[in-house]
Amino acid sequence: MIILLSSLSFGKMWVSGMFSSKEELSSMQKICEQELKDISKDKKREEASLYTTRFFVGGEGYRYRLQIQTQDDLNSEDLKNKGCVVYELPSEEDLKQESRESSMRSRQRKSAVSVDQSEEQREQDKSLENESVELSTDQASEERAKSQPKLIQRLRFRTEEDGAVKKEVLPQPIEILRNSKEQHEQLSASWKEAKTEHLVYERVLYDPLEEQPLIVEHQYWKQGVAMRLEVNIRQGEGVNSTTIFSPEGKGWVYTGKNYDVAQEKLTEQILKRFSLEGLLSILLNFPEDLISSGPWRLLENIEEVDEEWVLTPLSLKEQIQRVKIGIQSELIHSVSIKDLETEAEIEYRFLDYRFHEQHGFIPWRIEVFHNGYPYEMIVLSKIEINQELGLELFDPNKH
């Protein structure tokens with residue numbers, strides 16, 4: 156059985172489960188090619204593009220996946236009839252619509268700051284020294300995104316002469332890590348100085364026992380020690396809720412008209428997981444960790460694979476198993492960590508980086524894999540830093 160899931164990209168993309176050998180991959184590829192031709196013929200669609208990707212699993216070697224990309228929707232029922240399991244994720248337009256609805260809900264709160272200001276209003280707000288990053292859906296924003304500055308590749312292959320023969324020598328891993336540290340320092344510094352946070356994002360949670368993933372929207376606010384989290388179920392079973400940790404250190408959980416007084420320390424710990432640090436802890440702490448942390452310094456092996464530097468430790472027993480860094484961007488693309496208790500490998504992928512003048516490079520999509528299988532995907536639609544928030548947000552009597 157091949158497990159397929161669609162991801163947010165241009166058009167639609169489906170990714171298979173992993174195969175341990177090229178032979179197994181080739182066999183399934185032929186089956187899928189024929190199935191896709193049959194589906195396209197029946198529905199009078201253009202053929203989809205099918206190609207393969209390779210990735211590394213610590214202690215096991217390279218594994219392979221199939222990817223299918225098309226500008227058209229593939230009928231999930233057709234694929235299921237062929238013995239496939241299909242995860243249908245929200246389209247980009249769905250996320251944009253939900254983002255607009257989230258903005259409307261925020262504007263309805265007296266304490267919330269408008270997030271859909273005009274360009275003229277944005278100029279006026281500069282005097283307030285508020286900093287805001289948000290996902291815009293208008294065409295002008297897309298054009299601005301295309302004109303964002305591109306980084307200059309600083310690390311190239313060096314050459315050494317051995318007699319009359321020139322050899323290419325890879326840079327040292329510490330060189331790559333130091334340059335990457337510079338690219339992530341701006342976001343790290345901005346986060347440390349932030350007095351408030353407002354995040355809106357969707358989490359897609361995969362369960363191998365369920366045919367469809369659980370999709371949940373989160374809105375998170377933080378001001379000082381006070382925090383607020385709103386949870387709305389978009390797909391799957393669950394209960395909508397609002398959790399508040401007040402400035403006085405008290406916790407409440409609301410589900411509909413009912414509420415419970417929550418244990419303070421536990422509430423605080425749980426809500427911190429949904430903060431900017433909870434989502435991007437590896438990137439935010441990387442600049443300091445590189446200076447003080449042994450695991451980063453133990454990445455002594457280096458490969459150049461598909462426009463990425465792949466760094467690995469000499470021993471498979473180390474906590475950080477693998478790091479992928481873009482050769483041109485010098486940004487961290489993924490970090491694979493070994494759970495020392497369960498021996499599981501957890502891979503964090505940081506995708507869709509966008510540059511902001513005040514905050515640097517921010518990944519707007521995070522994907523988490525457990526032992527090579529999808530576990531969670533987070534898609535950010537708003538990041539607001541240092542916006543003034545009203546205390547009413549953290550008042551349990553005005554939830």
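Numbering (this note's numbering), first residue to last: 156 to 554. Don't be surprised by glycine CBs; every beta carbon is placed ideally from N, CA and C.
An exposed status is given to Gln424, since fewer than 16 other beta-carbon atoms sit within 10 Å of its beta-carbon.
Bounds of the alpha helix (DSSP H) holding Pro442 are 431 to 447. Taking 8 Å as the upper bound for CB-CB distance, Gln374 and Glu385 are in contact here, some 4 Å apart.
Look at the segment 476 to 529 and you find these whole runs of beta strand (DSSP E), each 3 residues long or longer: 487 to 493, 500 to 511, 515 to 525.
In this structure, Glu500 lies near His525, with their beta-carbon atoms less than 9 Å apart.
Judged by their CB atoms, His339 and Leu454 are not nearer to each other than the 9 Å cut-off.
By the neighbour-count definition (other C-beta atoms within 10 Å, threshold 16), Tyr528 is an exposed residue. Taking the Cα of Val380 as reference, the smallest distance to any Cα among Gly393, Asn387, Ser401 is reached at Ser401. Look at Glu463 here: in three-state DSSP terms it is strand. Within the same chain, Leu453, Leu454 come within 6 Å of Pro468 by CB-CB distance, once the 5 residues on both sides are set aside. Between Ser343 and Glu473, the C-beta gap is not smaller than 9 Å, which leaves the two residues out of contact. Pairing Glu531 with Asp494, the inter-Cα distance amounts to about 17 Å. Just so you know, the alpha carbons of Glu419 and Ile457 end up roughly 46 Å apart.
Beta-bridge annotation (DSSP): Leu421 is not paired with any residue.
With respect to the 9 Å criterion, Val534 and Glu502 are not classified as neighbours on the basis of their beta carbons. Annotated three-state conformation of Gln341 is helix, per DSSP. The three-state reading of DSSP puts Lys177 in helix, counting H, G and I together.
Annotated three-state conformation of Leu369 is strand, per DSSP. The residue from Ser335, Gln189, Met183, Arg389 with its alpha-carbon nearest to that of Val465 is Ser335.
Across the set Val478, Ser484, Gln483, the C-alpha of Val478 shows the shortest separation from the C-alpha of Ile492. Under the three-state reduction of DSSP output, Glu330 falls in the helix class. Closest in alpha carbon position to Ser484, among Ile517, Gln476, Ile475, is Ile517. Going by beta carbons, Gln513 and Ser345 fall inside the 9 Å limit. Glu385: member of the beta strand (DSSP E) spanning 381 to 390, first to last residue. A straight-line Cα-Cα distance of about 31 Å links Lys412 and Lys350. Counted as a single uninterrupted DSSP element, the beta strand (DSSP E) harbouring Val408 occupies residues 406 to 410.
Per DSSP, Val359 is one residue of the beta strand (DSSP E) stretching across 351 to 360.
Residue pairing by DSSP places Val534 opposite Glu357, Arg520 in a beta bridge.
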